[in-house]
Ligand code: B3K
Ligand code: ZN
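Numbering (the UniProt record's numbering), first residue to last: 6 to 878.
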C-alpha cells in the first residue's frame, strides 16, 4: 500500500458546497443518488481532472448539470470515479450507486446491525456510500432524504434538523428529510433506519434555545438509556459553564447499535454508539461501565465543537480533535467525580496503553507524518498522549490564559478545517510566548526518561535537584531532542510539617519548566532534609527515576499534599519489590515488611475517609506494568509468581484490617452509580482480592457468599473474578451459574468471556477455544471478539505469552480469520503482539514466527498488512 505523507498535503482541486443525498434503504440493494454542487477550488490546480474516491461501489449512472454522461466521458472503478474534462466553473454532479448493507461486514460505510441500518464514515467510510472527495477539508452543507419500508425501519434519522417526513402512497414505504445547516466533512455524515425504542428529554441552552435530546436503543431496553441521557445533559451544561460552548441544532440524537468497531462516533447531531457505552442497569453494568458511559457520552458531545465546528485539515491532524476532546472529557469526569482518583485512573491507562505503544515497534508521534492505513492511527498516542499535551500546555500557561487561548481558537477557526499550528498559534498569541519548542511534543515520539538526583547542604540550608532527560530512539527517529517538560513539584518534610523553602526557577503555580538535556534548580531556606515530590498530578508524560530510598518514598505516601504522588510513591515502592521479586526470585523480608506496614498504617488512617483512593493505593501494578518496567528478557511466569507472592504477603500482614473494612463496607440500600458509592465498592472488593490472595479457602467462602448476596453487577463480577483464580468445583459452579443466568444479556456474557479468558492457567487456551463455539460468541461481532480474544491477548500475560508459543499461534489464526470479515477489528487484535520484542528469547522466537506466518498470507487487508510489517521492522 502506498505511503501517505504530511509533507505532500495540497488543497483539493475542487470543492463541494452542497450535498443532496437520496437514500432508498434496502437490505441488499440500497440505492443512493448523490447530487453535488461543485466548483473548482481557487486554491487548487486549474487543469486538474476531477477524481472522486470510492470503495467497493457499484456505479449506476453519472450526470453533469443534468446530462447523463456516456462511458467515454468518465472512468469508473469500484474505488474511483474520474472525469478528465471537468467544468472550470460551478457545476452539478449527480451520481447513482448501489450498495449492499447486509454484505458489509467491515462495519464501515452503510451496514446492518441486528437488522437496523446504520453508518460509520470516519475515517474513509463515506466513499463506501457514494463517490466523493472523501477528505476532511471538504466542507459541505448536507440534505439527506432517507426512504425505507415502514415495517422494517419505522425510525429514520439523519444529521441536523428534521425537515419533513411522510408516506409514499400505499407502497408500505415512508421517508424523512433531514437538513444540516453546518458545513461539515463527509466523515461526520450519518444516517440510521430501524426499529428502535426511544427516551427523550428537552434541554434549554444557556441562551434559551430549546433542544430535544433523544437516545434510541433496542426496543424494551429504553430504561437502560436513562443514565446516558442524564450524562448527556450534564455534559452539555458543563461545556457551557467551563468553555462557554453551546449546542447548535434543534435536536441531538444518539443511537446505540450492537455491532460497532469502536466506542462511539460524533456524527453531527446524530452520534452513533456501541451499545456497551449507552446501556446500563445495576443488574447488568458495573461501576466502571457507568463511568465509561459518562465519559464517552461527554467525549462525543464535546466533539461538536472540538472536531465538528472546528475540524481537521487532514488526517495527520487527528490529535487536534482527539487529544483535545479526550482532555475535555477527562476534565469533565474530574469535575463530576474525584479529581485525584480520576487522574490516577487516567495515568494508569496512559502507562498501560500509550507508554507501552511508545516503547514498541508501533511507536509514532502524536502527529504522525506518514501512514499507510489511517484507521491504524486511532491510537493511545494520538488520543491519550494528545490529551497530555493539552494538559501540559494548560499547566505551563495557567488556567486563565488557557481559556483565552481556547476562545481565540474557536473565534478564528470555527467553520474551518484546521491544523495543530492553528491551535498552538492561538495560545502563542494570547500569552506572547514562543511555543515552538513545546510543539516538539507533537513531532517527537517516544517517552522521555527523566533522572533526578538530589543534594542537601545542611550548612547552607540549600537543596539542589539535578535533572537530566533522554528519549530513547523510536522507529524513524534515531536522534532525539530535549523536550519542554513541565515539572510540578514541592518539598515535603519527614514529619509533614510545612517547609518554607523557596526557589526562583519554580513559578507561582509550583512548576519548573525543564527544557534542556540537563538542568538544576536550587531551593534556599531548607531547614531540614526534605523529600522531593516531583511531577505532582503527573504533570508530564515521562518516566521518572529518582535516587530516593523506599523509606523516603513512604514519607510521601504518608505526608504529601498531592494525592497523585501519594499513590505514585506506593506504586514505585511496590514496583521496585515486584521487579526484584520477578528477576531475582526473592527480596529481603524486611523490605516487604516495611511496605506492608506502611500500607497497614495507610489503611488505618485513610481508607474510610477516601475509599476510592485507598482502593487504588492498595492495588499493585499489573503484570503488564511490571513487564514494561523490566523491559527486556521478560518472563511472564516469574512476574505472575512475584505479583501473587506480594499480594499474599500484604493480604496476610493486613488481614485484620481488611476483614474489618470488608465487613464494615457491606452494601446496604439501593444501588447508585455515583463516584462515592462506587468508591466504597471498589475498596471492599480490593480487600476481598487481598484476603483471597492470602488465604484462598477463606477467600473462596467470602467470594461465593458475595456472589450470591450481590445486588449489583459490580459486586457480582468482582466476586466471580476472585473465584476464577481459585481452581475447584466452587469456581466451576459459579462460572456455569453466571453464564446461565445472563445467557440473554450479550454485554454481560462479554464480561463472562473476559474473566475466563484471563484465568492464568494452562487450560485457558482450551477454554478460550471452546468458548469460541459458545452460541453467544460470534467472530463478526467486535464486542464478542474483543471480550474473549482481545482479553486473552491483552490481559492474560502468562497464557498469551506461553513458553510453548501456543497463545501466539491462537491469536495469529484468529487475526487471519477476522481479517476476512473486518480488517479494523483484526488489526486491533494484532497490536497485542507489540510487546513481543521485550520477551525472553524463546518466547520472542515463537512470537516472531507467528507474526511471520501472518505476514506471509496473501491478500491481507491494508490494516493488518500495515501492523504486521511495522511490528516486524
Ligand atoms: N472519532 C471516532 C473514532 C473513529 C475511528 C475510526 N476508525 C470516535 C471518537 O474518537 O470520538
Ligand atoms: Zn474522539
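Cβ coordinates follow ideal geometry from the N, Cα and C atoms, glycine included.
Check                                                                                                                                                                          : Outcome
If I measure Cβ to Cβ from residue 289 and keep anything under 8 Å in the same chain, skipping five residues before and after, which residues do I get?                        : 229, 718, 747, 750, 752, 753
If you reduce the DSSP assignment to three classes, tell me which class residue 564 lands in.                                                                                  : helix
In terms of residue numbering, what span does the beta strand (DSSP E) encompassing residue 388 cover?                                                                         : Segment: none, residue 388 is in no beta strand (DSSP E) and carries neither H nor E.
Spatial neighbours of residue 662 within its chain, please: C-beta separation below 7 Å, excluding the five flanking residues on both sides.                                   : 605, 608, 609
Report the residue from 484, 499, 467 whose alpha carbon sits nearest the alpha carbon of residue 507.                                                                         : 467
Could you please give the first and the last residue of the uninterrupted beta strand (DSSP E) stretch that includes residue 58?                                               : 55-58
Consider the C-beta atom of residue 330 and the heavy atoms of the ligand ZN; say whether any pair is separated by less than 6 Å.                                              : yes
Using alpha carbons as the reference points, say which of 132, 774, 141, 199 lies closest to residue 156.                                                                      : 199
Tell me whether residue 446 sits in a helix, a strand or coil according to DSSP, three-state version.                                                                          : helix
Going straight from the alpha carbon of residue 679 to that of residue 542, what length do you get?                                                                            : 23 Å
Which residue wins for smallest C-alpha separation from residue 27, given the options 11, 149, 19?                                                                             : 149
Out of 482, 473, 479, which has the shortest C-alpha to C-alpha gap to residue 519?                                                                                            : 473
Is residue 488 near residue 454, with beta carbons less than 7 Å apart?                                                                                                        : no
Run through DSSP, which three-state label would residue 751 get?                                                                                                               : helix
Give the DSSP-derived three-state secondary structure of residue 484 in the structure shown.                                                                                   : coil
Quick one: which unbroken alpha helix (DSSP H) runs of 4-plus residues sit fully inside the stretch 140-164? Chain order, please.                                              : none
Excluding the five sequence neighbours on either side, which residues of its own chain have a C-beta within less than 7 Å of the C-beta of residue 558, listed in chain order? : 574, 577, 578
Sort 296, 450, 137 by Cα distance to residue 22 and report the nearest one.                                                                                                    : 137
For residue 183, name the three-state secondary structure that DSSP assigns.                                                                                                   : strand
With DSSP run on the structure shown, which of helix, strand or coil describes residue 592?                                                                                    : coil
By how many angstroms is the C-alpha of residue 72 removed from the C-alpha of residue 63?                                                                                     : 20 Å
Only counting the same chain, and skipping five residues up and downstream in sequence, which positions put a Cβ closer than 8 Å to that of residue 5?                         : No answer is possible for residue 5: the residues shown for the chain start at 6 and end at 878.
Using a threshold of 7 Å, state whether the C-beta atoms of residue 852 and residue 841 are closer than that.                                                                  : yes
Closer than 6 Å: is that where the CB of residue 327 sits relative to any heavy atom of the ligand ZN?                                                                         : yes
Would you check whether the ligand B3K has a heavy atom nearer than 6 Å to the C-beta of residue 267?                                                                          : yes
Tell me, please, whether the stretch 191-206 touches the stretch 112-127 by the rule of three or more beta-carbon pairs shorter than 8 Å.                                      : yes
For residue 327, does the count of other Cβ atoms within 10 angstroms reach 16, so buried, or fall short, so exposed?                                                          : buried
Answer yes or no: do residue 182 and residue 197 have a C-beta to C-beta separation smaller than 7 Å?                                                                          : no
Can you give the Cα-Cα distance for residue 216 and residue 118, rounded to whole angstroms?                                                                                   : 28 Å
Residue 595: buried (16+ other C-beta within 10 angstroms of its C-beta) or exposed?                                                                                           : exposed
From this set, 310, 279, 452, which residue's C-alpha is nearest residue 244's C-alpha?                                                                                        : 310
Under 6 Å from any heavy atom of the ligand B3K, does the C-beta of residue 128 make it?                                                                                       : yes
So, is residue 291 buried or exposed, given that buried needs 16 or more other C-beta atoms within 10 angstroms?                                                               : buried
Going by beta carbon distance, what residues of the same chain come within less than 6 Å of residue 483, once the five residues before and after it are set aside?             : none
Going by C-alpha distance, which of 495, 743, 823, 7 is nearest residue 527?                                                                                                   : 495
With a Cβ-Cβ cutoff of 7 Å, do residue 324 and residue 395 count as a contact?                                                                                                 : no
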